[in-house]
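Position 208 of the sequence shown, counting from 1, maps to 259 under this note's numbering, and the rest follow consecutively. Worksheet for the structure shown next.
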Amino acid sequence: MNHIANLSRKEREELFIVTAREIDLPEAMVEKDFWVCWTLNYLFHFCPWARNLAFKGGTSLSKCFGLIERFSEDIDIILDWRILGYTADEPWAERSRTKQDKFNKEANAKTEVFLRESFLPQLQDDFSRLLTDGFSLYIDDADPQTVCFAYPRIFTESAIVNVVRIEIGALAAWTPTQKANVTSYAAQRYPKVFEIPSTQILTVAPERTFWEKVTILHKEAFRSKNNLPLRYSRHYYDLYCMDKSPVKEQAYTNLKLLERVVRFKDRFYPAGSAHYELAKSGTMRLVPPEVCLGVLKEDYEHMKNMIFGAQPEFDDVMDCIKRLEREINDESTT
């Protein structure tokens, strides 16, 4: 991948243009996809903390497992909290709610210091050595646990932000994880142009991501106002796609994993309004409240241009979510 990254701008431009034409995607999307994959390759093969990282989130569903057809721009990374000085079990020590909240804030603060004082300077040194074209790296002002990589872009597209966001957090669960291959759109079409067309990385297993998405929807089901976060409709779309894959059945046979996901969120991301005590078979809530449906539909329509495959209608997505709620609550899944 470093070979492609250091081609002349004209050569990279030609590669991304012909790839975009063949798969009917915007050139800017093909270009950013390459830099997302390049960044993942760096993180898991060249970064000094490569063995202390795991990939998670929606981008893993598309790039590692092909479960969704949504262009995912960000990289969600789990940082081993032992890097911050904790023992493997220390975050799980028995504490009161107040002391646990203090611990969570301390861990997040330590993560921010690590990113600012160690991780970012290391990436700046390494990227300067690996890349010949201009780039910049910086901590997001609005989110100090996100490192932004402004890659050497050639194309622009209104819907595509020309920055790869590396969102890194230590308060995230590692298990279960597995190795998976990541390949850029350009490498899929022209593998012989690449010295190494794909890269293998450690990623959270998709059945855990399924339950992570389910519990996100469960929390949203109790939202009392229509102040839905931007692009949150992606979680409903992602579950719609996973509903049609073997991952759903694998998740249904592992309700213990759901319990672990809920326990983790309740400890490290507590929210009384989420009613995590009900996030189990029999009382799970996935269907969004009536007050949010209009905003959610509008958000989905705006998000549609990031779906490069079949674009299901919003009503079809909601019908699927209703059915998933019934299935999860059916005793036959236990």
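The beta-carbon is built from N, C-alpha and C at its ideal position, and this holds for glycine as well.
| Item | Value |
| --- | --- |
| Span of the beta strand (DSSP E) around alanine 231 | 228-234 |
| Three-way DSSP call (helix, strand, coil) for cysteine 98 in this model | coil |
| Contact the segment 113-132 vs the segment 353-370: 3+ CB pairs below 8 Å | yes |
| Exposure label - tryptophan 132; buried when at least 16 CB within 10 Å | buried |
| Alanine 361 (DSSP reduced to helix, strand or coil) | coil |
| Glycine 345, enclosing alpha helix (DSSP H) - first and last residue | 341-354 |
| Endpoints, the beta strand (DSSP E) within which serine 249 is located | 249-255 |
| Anticipated Cβ contact below 8 Å, leucine 118 with cysteine 292, distance rounded | 6 Å |
| Boundaries of the alpha helix (DSSP H) in which phenylalanine 67 is found, first to last residue | 60-74 |
| Alpha-carbon spacing of lysine 107 relative to phenylalanine 95, whole angstroms | 13 Å |
| Distance, valine 346 Cα to asparagine 277 Cα | 7 Å |
| For threonine 385, three-class secondary structure by DSSP | Residue confidence is low: threonine 385 scores 48 on pLDDT, short of 50, so the model does not pin down where it sits. No coordinate-derived value is stated. |
| Close Cβ partners of leucine 279 (< 7 Å) along its chain, the five nearest in sequence each way excluded | Cys343, Val346, Leu347 and Asp350 |
| Short Cβ contact (8 Å threshold) for threonine 90 with phenylalanine 200 | yes |
| Of the residues Gln301, Val81 and Ala101, the one placed nearest isoleucine 134, counting alpha carbons only | Ala101 |
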